[in-house]
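Have a look at the structure below before the remarks.
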Amino acid sequence: MRSGQMIIVVIITSMPFLLGCPRDSGRPKTYPVEGVVTLNGEPVEGATVVFSPVGGGEGETSPQAAQAKTDADGHYELSTFEAGDGAIPGEYAVIVTKYDVKPTPGGPELESEEGQMKAFLEAQQGGDDSAVRNLLPAKYANAQTSGLKFTVKLERNSIDIKLEN
Numbered sequence: 002m003r004s005g006q007m008i009i010v011v012i013i014t015s016m017p018f019l020l021g022c023p024r025d026s027g028r029p030k031t032y033p034v035e036g037v038v039t040l041n042g043e044p045v046e047g048a049t050v051v052f053s054p055v056g057g058g059e060g061e062t063s064p065q066a067a068q069a070k071t072d073a074d075g076h077y078e079l080s081t082f083e084a085g086d087g088a089i090p091g092e093y094a095v096i097v098t099k100y101d102v103k104p105t106p107g108g109p110e111l112e113s114e115e116g117q118m119k120a121f122l123e124a125q126q127g128g129d130d131s132a133v134r135n136l137l138p139a140k141y142a143n144a145q146t147s148g149l150k151f152t153v154k155l156e157r158n159s160i161d162i163k164l165e166n
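Residues 2 to 166 (the numbering used here) are what the sequence shown spells out, left to right.
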């Protein structure tokens with residue numbers, strides 16, 4: 002009987018180690034950020050949205066950028082460390098792009114996002130400029146010219162991004 006009780010005590014006391022103790026990841030806290038991207042009032046599907054930090058985040062010395070891709074309704078949810086986790090609180094300059102990547106002879110296949118990214122990088126490194134075209138106004142592709150600045154707060158954030166031609 003005593004050995005049975007001892008086994009139960011050992012199992013109960015080692016349960017936190019068997020199940021895994023929650024650990025502080027050391028990452029700054031993120032807050033949900035979602036919204037809709039529109040161009041002239043119409044939702045933009047397939048756009049890449051990047052929130053780039055402007056200075057330090059709230060209580061942070063080097064916040065991370067956050068990004069998202071819009072769905073068919075122009076809706077996005079930012080991700081910083083994990084899918085949909087949001088952004089670190091602070092001030093951000095925002096860029097929005099949507100690239101049309103055309104196949105080039107001998108270039109990468111464009112069926113996957115990886116192939117499209119390879120084609121984009123090749124074009125940026127002196128390849129055929131006509132193979133990659135931004136479908137949105139050029140000013141939104143640069144944080145300095147986009148005019149898009151937003152604050153991520155210590156709460157759930159809904160930030161609609163309205164682009165104009």
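The beta carbon of each residue, even a glycine, is placed where N, CA and C say it ideally should be.
What residue range is occupied by the uninterrupted beta strand (DSSP E) comprising Gln65? The count along the sequence shown starts at 1 and reaches residue 65 at position 64. Counting along the chain, Gln65 falls outside any beta strand (DSSP E), and DSSP gives it neither H nor E.
Please look up how many angstroms separate the CB atoms of Thr71 and Val45, rounded, as I've assumed it's under 8 Å. Position 70 of the sequence shown, counted from the first residue, corresponds to residue 71. Position 44 of the sequence shown, counted from the first residue, corresponds to residue 45. Yes, they are in contact, since the Cβ atoms of Thr71 and Val45 sit about 6 Å apart, within 8 Å.
Determine the burial state of Lys154: buried for a count of at least 16 other Cβ atoms within 10 Å of its Cβ, exposed for fewer. By one-based count along the sequence shown, residue 154 stands at place 153. Result: exposed.
Might you give, ordered along the chain, the residues of its own chain that have their beta carbon closer than 6 Å to the beta carbon of Gln68, omitting 5 neighbours on each side? Position 67 of the sequence shown, counting from 1, holds the residue named residue 68. Counting only Cβ-Cβ distances below 6 Å, and skipping sequence neighbours, we find Val51.
Three-pair Cβ contact test at 8 Å for the segment 131-141 versus the segment 78-92: Because the criterion of three Cβ pairs below 8 Å is not met, the segment 131-141 and the segment 78-92 do not touch.
Taking C-beta to C-beta, are Val34 and Val97 nearer than 7 Å? Counted from its first residue, the sequence shown places residue 34 at position 33. Counted from its first residue, the sequence shown places residue 97 at position 96. No, Cβ-Cβ distance for Val34 and Val97 is not below 7 Å.
Can you tell me whether Glu168 is helix, strand or coil according to DSSP? The structure shown does not extend to residue 168, since the chain spans only 2 to 166, so no value can be given for it.
Spatial neighbours of Ala1 within its chain, please: CB distance less than 8 Å, with the 5 preceding and 5 following residues excluded, ordered by chain position. Nothing about residue 1 can be reported from this structure: the residues present for the chain run from 2 to 166 only.
Going by DSSP, name the residue or residues bridged to Asp101. On the sequence shown, position 100 is the one that residue 101 refers to. Partner(s): Arg134.
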